[in-house]
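S.K.: Here the sequence shown is numbered in the UniProt record's numbering, starting from 1 and rising by one per residue.
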Amino acid sequence: MKVPALIYRASRLYRGIGAPILMEAPKRATKFAANDEWGKVYRKAFGVEKMNQSLSILTGASAGATEAFVVVPFELVKIRLQDKAQAHKYNGMVDCVQKIVRQEGLLTLYQGLESTVWRHVMWNSGYFGCIFQIRAMLPANPTKDKSIQMRNDLISGSVGGTIGTVLNTPFDVVKSRIQNSPKQPGGVPKYGWAFGALGTVAKEEGFGALYKGFLPKVLRLGPGGGILLVVFTGVMDFFRKMRGDV
1 MKVPALIYRA SRLYRGIGAP ILMEAPKRAT KFAANDEWGK VYRKAFGVEK MNQSLSILTG
61 ASAGATEAFV VVPFELVKIR LQDKAQAHKY NGMVDCVQKI VRQEGLLTLY QGLESTVWRH
121 VMWNSGYFGC IFQIRAMLPA NPTKDKSIQM RNDLISGSVG GTIGTVLNTP FDVVKSRIQN
181 SPKQPGGVPK YGWAFGALGT VAKEEGFGAL YKGFLPKVLR LGPGGGILLV VFTGVMDFFR
241 KMRGDV
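#1: Using the Cα positions of Asp153 and Val235, report the straight-line distance between them to the nearest angstrom.
#2: Excluding the 5 residues preceding and the 5 following Ser181 in the sequence, name in chain order all residues of the same chain whose CB lies nearer than 7 Å to its CB.
#3: Looking only at its own chain, which residues have a Cβ that is under 8 Å from the Cβ of Asn52, when we skip the five neighbours before and after it?
#4: Check whether the Cβ atoms of Phe171 and Ser115 sit closer than 8 Å, and answer yes or no.
#5: Return helix, strand or coil for Lys31, following the three-state DSSP convention.
#6: Is Ile178 helix, strand or coil when you go by DSSP?
#7: Have a look at Leu109 and Ser54 and give me their C-alpha separation to the nearest angstrom.
#8: On the three-state DSSP scale, how would you describe Lys40?
#9: Taking its Cβ as the centre, do 16 or more other Cβ atoms sit within 10 Å of Thr143, making it buried, or is it exposed?
#10: Please confirm whether Gly157 and Val230 have their CB atoms less than 8 Å apart.
#11: Around the Cβ of Ser147, are there at least 16 other Cβ atoms within 10 angstroms (buried) or fewer (exposed)?
#12: Just how far apart, CA to CA, sit Gly60 and Lys44?
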């Protein structure tokens with residue numbers, strides 16, 4: 001009996017993992033594609049040829065807002081499946097989606113969109129803004145040495161991921177609160193909009209509550225931001241070689 005119980009408990013650690021796995025590829029693709037496209041838009045709009053610090057932050061924020069529209073439904077399903085109070089209602093990801101749509105309406109899949117937009121705006125602006133600044137501070141790589149490029153990307157991406165996490169964690173906390181509040185006919189949700197929810201949490205639970213879960217999150221997204229940039233740069237270099245651009 002002990003072994004099945006142990007297996008069951010271990011499986012609970014991965015409850016709801018299907019949604020973030022399915023989300024990961026479109027999320028990352030949207031992040032960098034949107035950042036690239038918004039960069040072109042803003043360079044043309046402001047009449048500059050190269051990116052600068054201010055444009056990097058603005059471009060990152062716009063990419064984050066774009067990315068939010070992709071991730072909201074996946075995040076909602078993940079939150080519902082991982083919440084102890086609601087987990088018993090759903091028998092997996094597909095069942096969760098079906099019940100949410102049937103019982104609460106199709107648009108409920110985008111519950112928490114506004115707070116998710118703010119979460120991604122803050123993370124992406126911090127991430128891409130820091131990458132630009134840290135890269136400028138690191139030793140130049142005139143010979144385009146791959147090891148130096150990888151080191152610079154890892155450092156700048158890790159710093160960017162850490163700063164982005166510091167900026168967006170409060171919005172991540174309230175996003176989860178908003179998405180974890182099932183719609184009740186005629187009821188008024190406790191957590192409505194992002195900034196109002198920030199005030200409610202800080203007032204009732206203290207400012208520290210806005211940074212619940214910060215340590216494991218920053219340990220994941222700090223180094224993860226560096227690895228993400230290294231992989232993205234490597235993949236883009238590969239495709240450039242395939243096209244004969246370099």
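Beta carbons are placed, not taken as given, at the ideal position from N, Cα and C, and that holds for glycine.
These figures come from a predicted structure and were not determined experimentally.
M.R.: Taking the definition as stated:
#1: Taking the CA atoms as reference points, Asp153 sits about 13 Å from Val235.
#2: Excluding residues up to 5 positions away in sequence, Pro189, Lys190 and Tyr191 lie with their Cβ nearer than 7 Å to the Cβ of Ser181 in the same chain.
#3: The beta carbon of Asn52 sits closer than 8 Å to those of Phe132, all from its chain and outside the five residues before and after it, given in chain order.
#4: For Phe171 and Ser115, yes; Cβs fall inside 8 Å.
#5: In the structure shown, Lys31 sits in a helix (DSSP, three-state: H, G or I).
#6: In the three-state DSSP reduction, Ile178 falls in the helix class (H, G or I).
#7: Rounded to whole angstroms, Leu109 to Ser54 spans 34 Å at the Cα level.
#8: DSSP, read as helix, strand or coil, puts Lys40 in helix.
#9: Exposed is the call here.
#10: With a cutoff of 8 Å on beta-carbon distance, Gly157 and Val230 are scored as near each other.
#11: By the 10 Å Cβ count, Ser147 comes out exposed.
#12: Rounded to the nearest angstrom, the two C-alpha atoms are 16 Å apart.
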